[in-house]
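Under our numbering, the residues of the sequence shown are numbered 388 to 509, in order. One structure is given below, encoded as structure tokens.
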Amino acid sequence: QHDDMKSAMSLDQGADVQEAEEAIQQARAWADVFTHFHEVGRADLGRTYSLSLGSLRKRLEELDKELEAIAFSERQLLDCAAREAKKARKSAPGEGLGSSDSMGRALVERIAVEAARMEKSK
Numbered sequence: 388q389h390d391d392m393k394s395a396m397s398l399d400q401g402a403d404v405q406e407a408e409e410a411i412q413q414a415r416a417w418a419d420v421f422t423h424f425h426e427v428g429r430a431d432l433g434r435t436y437s438l439s440l441g442s443l444r445k446r447l448e449e450l451d452k453e454l455e456a457i458a459f460s461e462r463q464l465l466d467c468a469a470r471e472a473k474k475a476r477k478s479a480p481g482e483g484l485g486s487s488d489s490m491g492r493a494l495v496e497r498i499a500v501e502a503a504r505m506e507k508s509k
């Protein structure tokens, strides 16, 4: 399991490096475009594209936050399911069903609260 974690961390670092390189290339490409607009006397058009780019990046940040909230909810769901499975193993068949229902409802409510919070932050 330790080797699996090291391997996953290595893949994450490789992905981070690749993302950074792509971000640098994209920044250079935008800089070239804005320079060309300025050189031909169309800085106004460059500003328009810049504002549009800013809007897209803001939306991307919002989506990233939403994705993080979903991943958090998924981890909570897994934790809850794992606890329930452990309890079910320890208890006799048919016992603990009421607590499963209440824990399930609590989780659904928690996810709904998180979704509402994310919707408000938009």
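Ideal Cβ placement from N, Cα and C applies to all residues, glycine included.
Problem - Rounded C-alpha distance that separates A475 from S508 - result: Looking up residue 475 in the sequence shown gives position 88. Looking up residue 508 in the sequence shown gives position 121. Cα-Cα distance, rounded: 38 angstroms.
Practice task
Mind checking which residues open and close the alpha helix (DSSP H) that includes G428?
Solution key: As a position in the sequence shown, residue 428 is number 41, starting the count at 1. No alpha helix (DSSP H) holds G428; DSSP gives it neither H nor E.
Problem - Cβ neighbours of C467 in the same chain (closer than 7 angstroms, five flanking residues each side left out) - result: In the sequence shown, counting from the first residue as 1, residue 467 sits at position 80. Around C467, the same chain offers M490, L494 as residues with beta carbons nearer than 7 angstroms, after the five sequence neighbours per side are excluded.
Handout entry: Cβ neighbours of I498 in the same chain (closer than 6 angstroms, five flanking residues each side left out)
Key = Mapped onto the sequence shown, residue 498 falls at position 111. Excluding sequence neighbours, I498 sits near S460.
Handout entry: 8 angstroms CB neighbourhood of E501 in its chain, flanking five on each side removed
Key = Your numbering for residue 501 matches position 114 in the sequence shown. Once the five neighbours on either side are set aside, the close Cβ partners of E501 are A456, F459, S460.
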